[in-house]
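Encoded as structure tokens, the structure appears first; notes follow it.
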Amino acid sequence: MTGSGSVAVICGGVGAARLLRGLARHVEPDQLIAIANVGDDMELHGLHISPDLDTIVYTVAEAVSAERGWGLEGESWQAMTMLGRYGGEDWFSLGDRDLGTHLYRTQRLREGASLADVTGAIARSWGIEFGLLPVTDDRLRTMVTTVDHGEITFQEYFVGHQHSVPVTSVRFDGADAARPAPGVLTALADAERIIVAPSNPVVSIDPVLAVPGVRDALRSRRDDVVAVSPIIGGKALKGPADRLLVELGREASATGVAEWYTDEVGTLVIDTVDAARAEAIASVGVRPVVAPTIMSEPGVLDQLCELLLSV
Ligand code: GDP
Ligand code: CA
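Shown next, in the form of structure tokens:
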């Protein structure tokens, strides 16, 4: 990529949020657009909860809990304690401050606002200047088929079972009928560079690609698409990405990620510990670029952003 063209980022939660915190320092806000997963969304207590959108907002605003990596710092849990008292549904932790976000989102949606509009209002209130779009305003839900519990929602799998149960398949309920949110396909067509964040390929990025038009947009721009491997040394830093890749017939490695993305991604940034895999990745037709990718390590995030904008 040369010059200062616009950048579109395909996003899940934590991995994407950390990358965006850096990209916001390297790309003019009106040239940066994040397109995020809504397959994790759920309705609970009558509220619409959008975990990946909120993780992005709270992280970029530097209001995220450093300890948990999700939710807000300085959080209290009195509403959850009250729910527990009544025997209510308290398996999915919602902090008191965080609940305000869900109350606001739910009310606006009920008044007829789109999820994209509400997300924009929430992001702006936290001082986020770049574009943040849910991939779709329509209902899309990641469903996970498990060996022991049949088909369950993503959050039942991820939080309820702490993603420790074997999975046989994943599908995206509603994806076929979902329309890309206004601006999503234009952003993908116009961007000089498309970045696939180091998010879970199976349950964070795939639901974004499942919205009609999005996967094709990446395929037609494959040479301009750069991904960062979320698998480092054969392991996810956190979460089930490594296990899910194996359960769905791939290898838990940067090579497995390259194979997963081979039709959509022209270049894959792999961590320095995986340098020996570069040849195998090139042989599946993806250009490997080796660099430090652990964004919490000093200096790595800015270097990685510069690399993503220049390779
Ligand atoms: P979630 O939606 O919050 O579960 O998070 P994502 O899907 O966005 O990200 C989870 C994935 O991000 C995991 O597979 C992690 O390995 C990966 N990840 C998180 N932080 C980093 C990082 O600093 N570097 C790389 N390469 N991957 C990361
Ligand atoms: Ca997520």
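Converting from the sequence shown to this note's numbering requires adding 9 to each position, the first position being numbered 1. Backbone N, C-alpha and C fix where the C-beta goes; we use that ideal spot for every residue, glycine too. Nothing here was measured: the structure is a model prediction, and the numbers come from that model.
Beta carbon proximity, residue i to chain D, threshold 7 angstroms
{"i": "Thr90", "result": "This model lacks chain D altogether, as it is built from one protein chain only."}
Buried or exposed (CB count within 10 angstroms, at least 16 for buried), residue i
{"i": "Met304", "result": "buried"}
{"i": "Ala17", "result": "buried"}
{"i": "Ala285", "result": "exposed"}
{"i": "Tyr95", "result": "exposed"}
{"i": "Val47", "result": "buried"}
{"i": "Thr276", "result": "buried"}
{"i": "Val295", "result": "buried"}
{"i": "Pro307", "result": "exposed"}
{"i": "Trp269", "result": "buried"}
{"i": "Asp156", "result": "Reading off the sequence shown, one finds Val at residue 156, where the question assumed Asp. It is exposed - the Cβ of Val156 has fewer than 16 other Cβ atoms within 10 Å."}
{"i": "Ala267", "result": "buried"}
{"i": "Asp215", "result": "buried"}
{"i": "Ser229", "result": "exposed"}
{"i": "Asp251", "result": "buried"}
{"i": "Gly80", "result": "buried"}
Best match in the options for proximity to residue i [C-alpha to C-alpha]
{"i": "His54", "options": "Tyr67, Val69, Ala88, Leu41", "result": "Ala88"}
{"i": "Gly242", "options": "Thr177, Asp99, Thr264, His111", "result": "Thr264"}
{"i": "Val179", "options": "Gly192, Phe163, Pro239, Arg188", "result": "Phe163"}
{"i": "Asp232", "options": "Arg188, Lys244, Thr271, Met91", "result": "Thr271"}
{"i": "Leu124", "options": "Ser134, Ser15, Leu141, Leu108", "result": "Leu141"}
{"i": "Ser319", "options": "Ala236, Gly97, Gly136", "result": "Ala236"}
{"i": "Leu310", "options": "Cys20, Leu28, Gly22, Gly24", "result": "Leu28"}
{"i": "Val174", "options": "Ala187, His158, Gly104", "result": "His158"}
{"i": "Ala45", "options": "Glu82, Leu112, Asp105, Thr145", "result": "Thr145"}
{"i": "Ala43", "options": "Gly21, Glu76, Tyr166", "result": "Gly21"}
{"i": "Arg149", "options": "Val205, Asp50, Asp283", "result": "One point to set straight first is that residue 149 is Leu, not Arg, in the sequence displayed. The residue with the shortest Cα to Cα distance from Leu149 is Asp50."}
{"i": "Leu227", "options": "Pro207, Ile203, Leu246", "result": "Ile203"}
{"i": "Val282", "options": "Arg259, Gly129, Lys244", "result": "Lys244"}
{"i": "Glu260", "options": "Val23, Asp107, Thr302, Val211", "result": "Val211"}
Residue i beta carbon near ligand 3 (any heavy atom closer than 6 angstroms)
{"i": "Ser208", "result": "With respect to small molecules bound, the structure shown includes ligand 1 and ligand 2 and not ligand 3."}
One or two residues paired with residue i in a DSSP bridge
{"i": "Phe181", "result": "Thr151"}
{"i": "Arg188", "result": "Arg188 is not bridged to any residue."}
{"i": "Ala300", "result": "Asp280"}
{"i": "Thr145", "result": "Pro189"}
{"i": "Leu53", "result": "Leu56"}
Beta-carbon separation (whole angstroms), residue i vs residue j, contact threshold 8 angstroms
{"i": "Gly169", "j": "Leu194", "result": "Not quite, the Cβ-Cβ distance comes to about 34 angstroms (not below 8 angstroms), so this is no contact."}
{"i": "His172", "j": "Pro239", "result": "Incorrect: roughly 14 angstroms between the Cβ atoms, too far for contact."}
{"i": "Leu218", "j": "Glu273", "result": "7 angstroms"}
{"i": "Arg30", "j": "Thr68", "result": "6 angstroms"}
{"i": "Asp126", "j": "Arg188", "result": "Wrong, their Cβ atoms sit about 15 angstroms apart, outside the cutoff."}
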